[in-house]
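Colleague:
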Amino acid sequence: MAMNTSSATVWSSTLATTRPQRTSGLVRAEWTKMRTVRSTVWTLLAMAVITLGIAALAASTIASRWNTFSVVRRLTFDPTSMSLRGLLFSQLIIGVLGVLVMSAEYGTGTIRATLAAEPRRARVLIAKSAVFFVLAAVVGEVLAFGGFLIGQSLLTSPVPHATLTQPGVLRAVTGGGLVIAVLGLFALGLATIIRHSAGAITAYVGVLLVVPIILQTLPSSFSQPILKFMPFTISNAMTSVASQGSSAFSPWVGFAILVGYAIVSLAIGGWLLAKRDA
Amino acid sequence: MIDVRGVTKRFKDNVAVDDLNFEVPTGVVTGFLGPNGSGKSTTMRIIMGLDHADQGEAVINGTPYSKLAQPLREVGALLEAKAIHPGRTAFNHLWFLAQSNGIPRRRVHDVIELVGLDQVANRRVGKFSLGMGQRLGIAAALLGDPGTLLFDEPINGLDPEGILWVRNLLKGLASEGRTVFVSSHLMSEMALTADHLVVIGRGRLISTGSVGDFIATNAGQYVRVRTPRPDELEGLLEAQGAQIRREGDGSLSVSNLSAEQIGITSGNAGIFLYELSPQSASLEDAFMEMTRDSVEYHGHRLDGATATTNGK
Chain E
1 MAMNTSSATV WSSTLATTRP QRTSGLVRAE WTKMRTVRST VWTLLAMAVI
51 TLGIAALAAS TIASRWNTFS VVRRLTFDPT SMSLRGLLFS QLIIGVLGVL
101 VMSAEYGTGT IRATLAAEPR RARVLIAKSA VFFVLAAVVG EVLAFGGFLI
151 GQSLLTSPVP HATLTQPGVL RAVTGGGLVI AVLGLFALGL ATIIRHSAGA
201 ITAYVGVLLV VPIILQTLPS SFSQPILKFM PFTISNAMTS VASQGSSAFS
251 PWVGFAILVG YAIVSLAIGG WLLAKRDA
Chain U
1 MIDVRGVTKR FKDNVAVDDL NFEVPTGVVT GFLGPNGSGK STTMRIIMGL
51 DHADQGEAVI NGTPYSKLAQ PLREVGALLE AKAIHPGRTA FNHLWFLAQS
101 NGIPRRRVHD VIELVGLDQV ANRRVGKFSL GMGQRLGIAA ALLGDPGTLL
151 FDEPINGLDP EGILWVRNLL KGLASEGRTV FVSSHLMSEM ALTADHLVVI
201 GRGRLISTGS VGDFIATNAG QYVRVRTPRP DELEGLLEAQ GAQIRREGDG
251 SLSVSNLSAE QIGITSGNAG IFLYELSPQS ASLEDAFMEM TRDSVEYHGH
301 RLDGATATTN GK
């Protein structure tokens with residue numbers, strides 16, 4: 001290895017001419033951190049393959065079996081919701097990624113370098129959340145629109161298909177992408193609170209899937225009011241064109257509740273981040 | 001200059017740092033010495049704003065770390081080797097740090113070259129040896145060309161060439177007028193590198209001052225004496241206030257009396273001496289002596305007695 005044994009004083013004053021720090025530096029640093037680990041790329045790739053694959057699979061299955069469907073099933077068929085079904089897996093995977101972008105800092109010790117570079121800890125969390133939200137929103141929208149277009153293109157006559165100009169369809173597709181981004185933030189907040197990958201992923205999957213499954217085994221008079229608040233129910237209402245009736249909040253009310261979850265988890269995480277030793 | 005003022009840090013059931021007060025002057029290498037578990041790393045994390053002190057504060061050139069706008073340009077630190085994401089390359093680790101403090105890209109290349117990692121800059125850190133990890137940590141510390149530098153056990157995992165390199169680097173940085181604060185549990189290493197010392201044990205300050213003063217005060221003098229009539233001579237010397245230790249080879253280690261006084265005493269009593277030689281205890285011994293009551297974890301000999309090197 002080449003090395004400078006004798007002269008520590010080989011010193012270039014390359015720093016003399018630089019500009020003062022701006023918030024954008026922090027944002028760029030967080031983006032560099034996110035794009036320079038393999039887990040980000042692989043996770044997003046897996047998300048794309050699964051989400052788009054499920055859209056294609058679901059659509060072609062329905063197209064080939066349409067003739068066997070009952071009249072009721074044909075009348076209640078929601079082609080938009082069908083093509084966005086793969087987003088449930090995107091929700092799981094974006095949660096894992098949201099956890100990892102924070103918990104990996106703790107797991108590897110990078111958090112100390114991060115906080116030494118920016119001791120105002122709330123700013124670190126805000127920059128990280130902002131970068132991750134934009135990334136997750138872009139990926140979420142691409143997959144929602146991609147899934148929708150692939151799904152609809154495979155629904156050939158006589159199977160009805162949806163277009164973005166029909167009422168409620170554009171909302172379902174863009175909303176499906178936004179739900180991905182907000183759930184990712186919620187997971188990032190959980191990881192800031194819990195600080196361990198396994199624990200935070202377990203908590204996230206618990207809220208997303210396990211709690212709704214348990215609730216569904218209980219009497220509906222008891223479970224229904226709670227189920228309405230579950231991300232699973234909220235995202236179903238968002239990605240469906242047809243109304244879910246009284247069993248779910250309307251799409252944007254539900255979305256506001258999801259945003260609330262993300263804000264609360266990030267606020268608690270930020271408070272703990274500032275308070276705790278790194 | 002780093003100024004630690006009355007810093008106390010408690011963890012659940014123990015006090016890691018206990019009302020610690022000291023200053024780290026500029027332009028010299030200051031060694032931060034203490035046995036393992038004495039609170040060195042905790043103190044350094046408190047200076048860096050990573051751990052919160054329960055009482056007191058640490059300031060760097062008058063400002064707490066958390067109030068620095070571009071901290072990497074003022075303070076650089078190597079706190080733990082390899083506290084770095086193993087999947088990220090060395091360059092990308094330094095690059096995100098640089099971006100966060102508005103440090104230009106070419107500076108990243110400069111420090112990579114300075115620490116001798118240019119061949120492996122685009123390799124993932126997970127593949128690095130401990131020594132390469134230390135070099136990367138040092139590169140990160142130097143990134144912002146800071147006036148204050150903290151290194152926690154920087155020679156851990158380095159080969160002899162690397163140790164020499166770190167020693168010269170530290171001295172070079174100090175000679176440029178920077179504040180250089182280096183922790184170690186090895187007195188011998190600090191004797192070679194540091195000009196100034198802060199010695200702690202069990203989180204409390206034991207001593208602070210120049211290395212020269214430390215040696216003069218603590219490296220105790222004694223006289224090695226060999227004689228065919230040790231019991232007799234021992235009695236006579238003890239009567240004059242000497243403290244005597246019987247060594248394994250039958251010689252006496254006499255302190256509190258000069259060689260001249262011992263010679264006169266034995267001459268007057270007609271006791272022959274085979275050897276009369278003044279000795280000075282090593283710095284390592286002085287350090288052991290000073291911190292032996294404050295060592296957190298004692299080694300034990302296999303026969304059950306506490307090992308003499310760090311025992312009571």
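Heads up: the protein sequence lines correspond to chains E and U, in order. Per the numbering used here, the first sequence starts with residue 1, numbered consecutively. Per the numbering used here, the second sequence starts with residue 1, numbered consecutively. Note that beta-carbon positions come from the ideal geometry of N, C-alpha and C, so glycine has one too.
Can you give me the start and stop residues for the beta strand (DSSP E) that P278 of chain U sits inside?
Modeller: Looking at the DSSP string, the run of the beta strand (DSSP E) that includes P278 of chain U is 275 to 280.
Colleague: Can you name the residues that DSSP bridges to I2 of chain U?
Modeller: DSSP, once it has assigned bridges, lists U:V24, U:I60 as partnering I2 of chain U.
Colleague: If the cut is a Cβ gap below 8 Å, which residues of chain E does L97 of chain U touch?
Modeller: Chain E residues near L97 of chain U: A29, A113, A117.
Colleague: Closer than 7 Å by beta-carbon distance: list the chain E residues that pair up with M48 of chain U, in chain order.
Modeller: Residues of chain E passing the Cβ test: A116.
Colleague: Give the residues of chain E in contact with D51 of chain U, contact being defined as C-beta atoms less than 8 Å apart.
Modeller: D277, A278, listed in chain order.
Colleague: Report buried or exposed for N36 of chain U, applying the criterion of at least 16 other Cβ atoms within 10 angstroms of its Cβ.
Modeller: Exposed is the call here.
Colleague: Decide if S81 of chain E is buried, meaning its Cβ has at least 16 other Cβ atoms within 10 Å, or exposed.
Modeller: Its Cβ being crowded by 16 or more others within 10 Å, S81 of chain E is buried.
Colleague: Please confirm if R38 of chain E has its CB atom under 7 Å from at least one CB of chain U.
Modeller: Closer than 7 Å: yes.
Colleague: So, R171 of chain E versus A278 of chain E, is the Cβ gap smaller than 7 Å?
Modeller: Going by C-beta atoms, R171 of chain E is not nearer than 7 Å to A278 of chain E.
Colleague: Output yes if chain U places a C-beta closer than 7 Å to the C-beta of T32 of chain E; else output no.
Modeller: So yes, T32 of chain E belongs to the interface.
Colleague: Tell me whether the beta-carbon of P79 of chain E lies closer than 7 Å to the beta-carbon of L155 of chain E.
Modeller: Yes, Cβ-Cβ distance for P79 of chain E and L155 of chain E is below 7 Å.
Colleague: Just mark K12 of chain U as buried or exposed, buried being the case when its beta carbon has 16 or more other beta carbons within 10 Å.
Modeller: Looking at its Cβ environment, which holds fewer than 16 other Cβ atoms inside 10 Å, K12 of chain U is exposed.
Colleague: Within its chain, find whatever has a CB closer than 6 Å to the CB of T17 of chain E; leave out the 5 residues flanking it on each side and keep chain order.
Modeller: Residue confidence for T17 of chain E is low, a pLDDT of 45 falling below 50, so the modelled location carries little weight; the figure read from the coordinates is stated next. Cβ neighbours of T17 of chain E beyond the five flanking positions: none.
Colleague: Are T43 of chain E and G147 of chain E closer than 7 Å when you measure CB to CB?
Modeller: It is not a contact, given that the beta carbons lie outside the stated cut-off.
Colleague: In its own chain, which residues sit with a C-beta less than 6 Å from the C-beta of D19 of chain U, not counting the 5 before and 5 after it?
Modeller: Hits under 6 Å: G6, T8.
Colleague: Compute the beta-carbon to beta-carbon distance between R135 of chain U and L117 of chain U, rounded to the nearest angstrom, for a pair I have assumed lies under 8 Å.
Modeller: Confirmed, Cβ separation roughly 6 Å.
Colleague: If we ignore side chains and look at the alpha-carbon of each, how far apart do T291 of chain U and M187 of chain U end up?
Modeller: Answer to the nearest angstrom: the Cα atoms are 11 Å apart.
Colleague: Would you list, in chain order, the members of the region 211 to 243 of chain U that have their beta-carbon closer than 7 Å to a beta-carbon of chain E?
Modeller: Residues passing the 7 Å Cβ filter: none.
Colleague: Which of the three DSSP states, helix, strand or coil, is assigned to L33 of chain U?
Modeller: It is a strand residue.
Colleague: Which runs of the alpha helix (DSSP H), 4 residues or longer, sit entirely within the region 139 to 227 of chain E?
Modeller: As far as the region 139 to 227 of chain E is concerned, its whole alpha helix (DSSP H) runs of at least 4 residues are 169 to 194, 197 to 205, 211 to 216, 220 to 227.
Colleague: Among the residues of its own chain, which have a CB less than 7 Å from the CB of A262 of chain E, if the five just before and after it don't count?
Modeller: Correct list, in chain order: V182, L185, F186, G189.
Colleague: Which chain U residues sit within Cβ distance under 7 Å of T110 of chain E?
Modeller: Neighbours of T110 of chain E on chain U, chain order: A83, I84, H85.
Colleague: Excluding five sequence neighbours on each side, which residues of the same chain lie with their C-beta closer than 8 Å to the C-beta of G241 of chain U?
Modeller: Closer than 8 Å at Cβ, skipping near neighbours: N256, L257.
Colleague: For G209 of chain U, which of helix, strand or coil comes out of DSSP?
Modeller: It is a strand residue.
Colleague: What residue from U:V223, U:T208, U:V225 has the CA that sits closest to T217 of chain U's CA?
Modeller: It is U:T208.
Colleague: Alpha carbons only, please: which of U:N14, U:V29, U:T30, U:P64 is nearest the one belonging to R45 of chain U?
Modeller: It is U:P64 whose Cα lies nearest to the Cα of R45 of chain U.
Colleague: If the criterion is Cβ atoms closer than 7 Å, does the pair R28 of chain E and Q119 of chain U meet it?
Modeller: Cβ atoms of R28 of chain E and Q119 of chain U: not closer than 7 Å.
Colleague: Rounded to a whole number of angstroms, what is the C-alpha to C-alpha distance between S250 of chain E and Q244 of chain E?
Modeller: Answer to the nearest angstrom: the Cα atoms are 8 Å apart.
Colleague: Check the Cβ-Cβ distances between L26 of chain E and every residue of chain U, and say whether any is below 7 Å.
Modeller: Cβ-Cβ to chain U under 7 Å: yes for L26 of chain E.
Colleague: Give the interface partners of A104 of chain E over in chain U, defined as CB-CB distance under 7 Å, in chain order.
Modeller: Per Cβ cutoff of 7 Å: H85.
Colleague: Taking Cβ positions only, does L136 of chain U come closer than 7 Å to chain E?
Modeller: False, the Cβ-Cβ gap to chain E never drops below 7 Å.
Colleague: Using the three-state DSSP reduction, which class does Q261 of chain U fall into: helix, strand or coil?
Modeller: Q261 of chain U falls in the helix class under three-state DSSP.
Colleague: Compare the Cα-Cα distances from S129 of chain E to each of E:W252, E:A46, E:G98, E:G25 and report the closest residue.
Modeller: Of E:W252, E:A46, E:G98, E:G25, the residue nearest in Cα terms is E:G98.
Colleague: Going by the CB atoms, is the gap between R124 of chain U and T89 of chain U shorter than 7 Å?
Modeller: Going by C-beta atoms, T89 of chain U is nearer than 7 Å to R124 of chain U.
Colleague: Are the CB atoms of L252 of chain U and I264 of chain U within a distance shorter than 7 Å?
Modeller: Not closer than 7 Å, so no.
Colleague: Find the nearest neighbour of F22 of chain U within the set U:E260, U:R226, U:L205, U:R229, judged by alpha-carbon distance.
Modeller: For F22 of chain U, the nearest C-alpha among the options comes from U:L205.
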